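Here is the structure we will look at.
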Ligand SMILES: Cc1cc2nc3c(=O)[nH]c(=O)nc-3n(C[C@H](O)[C@H](O)[C@H](O)COP(=O)(O)OP(=O)(O)OC[C@H]3O[C@@H](n4cnc5c(N)ncnc54)[C@H](O)[C@@H]3O)c2cc1C
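In UniProt numbering, the protein residues as written are 1 to 720.
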């Protein structure tokens with residue numbers, strides 16, 4: 001069953017516990033339910049469609065405001081005056097709708113959407129996309145959350161829940177059916193769910209925004225705690241809701257969403273002011289961004305996306321960019337969590353925190369994190385679109401000046417990030433986002449107010465394209481298109497449209513724009529809505545024979561990727577159809593961080609693709625890429641310890657130092673020593689760690705899984 005069909009089925013049909021035998025039956029049953037739903041007379045959706053079409057007719061005038069090239073304008077005009085107008089008239093006709101199924105209408109809209117994309121008709125694309133999205137939402141209602149009375153520990157507490165509903169992460173790489181999904185919004189409810197789970201003999205896992213790609217969520221028949229409601233974490237949120245994400249988060253009154261300024265920390269004279277700030281684990285980057293602007297305390301580094309919870313990004317040892325930056329977990333001063341006994345426990349011993357902070361939720365449900373924040377500083381933000389070779393010269397081309405510039409960028413920038421959008425060629429589609437952080441407060445301006453109107457238009461288009469068009473289209477495409485003809489066309493058109501829109505949506509600046517650090521760290525909002533596939537590998541920056549950082553690794557990692565991506569384009573496979581991103585960062589003390597021990601810093605490199613890339617193409621591509629990056633050696637010939645990001649996709653296999661490993665065996669091998677240390681730390685903090693872990697995650701760490709709450713992490717050597 002395709003991922004998108006799975007998603008559709010999970011939402012269309014009441015789910016039930018899946019056993020291997022039942023799975024096949026269920027797939028057949030779901031398939032026919034989907035088909036039936038699609039074959040319903042379109043009259044049920046006609047009001048939605050009509051209303052939007054009326055709105056979109058008004059938009060015709062807006063076409064004048066788009067400024068495409070002369071060729072595009074001609075094509076646009078003839079297209080609008082011709083086919084698209086006729087289709088709209090037809091869709092408005094009740095008689096037509098009475099005789100057509102939802103499937104017919106969707107197919108028609110989709111085909112026209114693609115034509116509008118090819119003709120670069122941005123407003124029409126968005127208009128048609130919204131109609132399309134509304135129909136998909138109508139076919140995919142969210143299940144209602146209901147209260148379940150949980151009796152345990154001599155008390156009874158009502159907690160919102162759904163039973164045996166299919167869980168899907170955002171990237172649709174993890175699908176399972178937990179027995180219960182609970183949505184506690186007080187500490188007491190959270191503790192009660194853990195007591196209840198203990199009584200029922202169930203393991204517990206947690207999720208935030210569901211943005212991780214690896215199987216770190218609950219297993220079938222176990223218990224999942226979601227710290228955010230379904231209407232926030234659902235992939236169709238933007239199309240479904242009338243409200244902004246900020247408003248929807250606000251409506252969710254959770255005790256796990258708070259910001260508490262604790263105290264300013266003592267620092268040496270002449271160094272940056274620091275403060276301890278306590279954050280609820282369900283708090284998102286979006287909310288901290290707003291608070292930081294108002295209160296002038298900021299995280300020194302963070303991930304770019306704003307719709308991520310701190311519980312989630314800390315658990316997976318996430319990072320930002322810049323040679324002095326480390327992981328989020330390196331900033332944790334104290335972590336508070338509900339342990340397997342349902343008690344609230346804290347860890348603040350710096351040695352134990354090295355494992356506790358980035359422990360993938362294995363200790364329990366984290367309720368708060370106390371992080372070390374900096375007093376606000378000001379970025380000199382100056383992103384550029386330049387020819388790629390000027391920014392990252394190809395190794396061996398003898399571009400000495402450019403190589404020196406790259407070295408300087410990596411060593412001196414506060415933030416160093418590079419992007420390439422493949423469908424645009426290497427000259428047009430390249431973007432460099434490297435900046436210093438020593439601007440003056442008096443020169444500072446809010447970033448979003450200052451960006452050019454072209455950027456605003458392009459980025460809004462990209463946002464709408466992703467949210468209104470791509471996500472819902474992918475939900476349903478595989479079910480509509482038996483011959484895969486539309487899928488092929490969609491692959492081609494989406495790849496180039498998303499990629500072109502991506503480049504268009506990236507700003508550039510000829511002079512530095514001084515802006516609060518926190519704004520530069522989160523320079524673009526909204527892109528989280530697109531459901532993509534992503535693999536990130538961390539490569540240590542080796543030393544030259546003289547003991548200096550060998551920055552040529554940045555060029556090699558980048559251009560080896562370009563070569564493989566280009567080859568895939570020539571073979572018409574388009575394995576990486578969205579972007580290639582590379583960040584230079586520092587090291588980490590977090591026990592299982594992929595960046596730990598990298599004394600010269602780390603190159604984090606990640607290809608990103610849309611979900612229209614076929615699975616086999618993407619899986620083969622990941623292996624090819626990983627094998628290339630794992631082949632690098634230090635000056636003395638020692639293989640560099642390439643390590644995958646824990647939250648992002650792993651390659652199926654890795655060839656390392658003359659041997660092929662499965663993705664999981666590679667993790668066990670590459671982290672052998674760290675796993676021992678991790679296990680010792682976690683056992684010291686809390687004995688019953690595995691009671692919280694899904695079996696697959698625990699096996700990934702090379703630990704033994706037994707039943708009951710006396711499970712403990714055991715070193716890999718004694719793994720059964
Ligand atoms: C658009 C986008 C951009 C991204 N950019 C970056 C980036 O710049 N840098 C980077 O390093 N990563 C990045 N990521 C990866 C992302 O930061 C991680 O996947 C992160 O874990 C997602 O947070 P979440 O709230 O979705 O957590 P989820 O994916 O829902 O959860 C992840 C894990 O955390 C655990 N967890 C979550 N909350 C708790 C809790 N309260 N208690 C205990 N365990 C918990 C869960 O059990 C699960 O194992 C990006 C992802 C996306 C989609």
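For each residue, glycine too, the CB sits at the ideal point set by N, CA and C. Since this is a predicted model, take the numbers as computed values, not measurements.
Here residue 261 is exposed: its Cβ has fewer than 16 other Cβ atoms, across all protein chains shown, within 10 Å.
For residue 207, the enclosing beta strand (DSSP E) has its first and last residue at 204-207. The alpha-carbon of residue 678 is positioned some 35 Å away from that of residue 252. Taking residue 330 as the centre and dropping the five residues before and after it, the same chain places the C-beta of 588, 589, 590 closer than 7 Å to its C-beta, in chain order. Each of 447, 280, 432, 238 was checked against the Cα of residue 514, and the nearest Cα belongs to 447. Annotation: residue 628 to residue 335 spans about 38 Å, alpha carbon to alpha carbon. DSSP places residue 280 outside any alpha helix (DSSP H); the residue lies instead in the beta strand (DSSP E), whose first and last residues are 274-280. Counting along the chain, the unbroken beta strand (DSSP E) around residue 338 starts and ends at 332-338. 8 Å or more divides the Cβ of residue 356 from the Cβ of residue 577. If one requires a minimum length of 3 residues, the beta strand (DSSP E) runs lying completely within the segment 296-362 are 332-338, 344-347, in chain order. Spanning the alpha carbons of residue 671 and residue 295 requires a straight line of approximately 40 Å.
In this structure, residue 216 has its beta carbon less than 7 Å from a heavy atom of ligand 1. Residues 285, 313, 318, 319, 320, 328 of the same chain have their beta carbon placed closer than 8 Å to that of residue 303, with the five preceding and five following residues left out of the count. Residue 501 and residue 681 have their C-alpha atoms some 47 Å from each other.
Remark: the shortest separation between the CB of residue 170 and any heavy atom of ligand 1 falls under 7 Å. Straight-line measurement puts the Cα of residue 545 at about 35 Å from the Cα of residue 353. Taking the Cα positions, residue 393 is about 6 Å away from residue 403.
The beta carbon of residue 366 sits closer than 7 Å to at least one heavy atom of ligand 1.
Distance from the Cα of residue 276 is smallest, within the candidate group 283, 282, 297, for 297.
Residue pairing for residue 372: DSSP places it in a beta bridge opposite 276. The straight-line gap separating the alpha-carbon atoms of residue 582 and residue 150 is approximately 47 Å. Contiguous alpha helix (DSSP H) elements confined to the segment 509-579 occur at 517-521, 552-570, taking only those with 4 or more residues. Put simply, the backbone Cα of residue 668 is about 11 Å away from that of residue 592.
Between residue 654 and residue 635, the C-beta spacing is not below 8 Å. Taking C-alpha positions only, residue 144 is separated from residue 574 by approximately 39 Å.
The shortest CA-to-CA distance from residue 199 to any of 171, 237, 152 is the one to 152. Between residue 437 and residue 377, the C-beta spacing is below 8 Å.
Note on residue 386: under 16 other CB atoms within 10 angstroms of its CB, so exposed under the neighbour-count rule. Residue pairing for residue 176: DSSP places it in a beta bridge opposite 167. Ligand 1 approaches residue 281 closely enough that one of its heavy atoms is under 7 Å from the residue's Cβ.
Around the beta carbon of residue 234, 16 or more other beta carbons sit within 10 angstroms, so the residue counts as buried. Here residue 666 has 654 as same chain residues with Cβ atoms under 6 Å from its own Cβ, once five neighbours each way along the sequence are excluded. Residue pairing for residue 158: DSSP places it in a beta bridge opposite 149. Residue 522 and residue 418 have their C-alpha atoms spaced approximately 15 Å apart. Note on geometry: alpha-carbon atoms of residue 309 and residue 563 lie some 35 Å from one another. For ligand 1, no non-hydrogen atom lies closer than 7 Å to the CB of residue 621.
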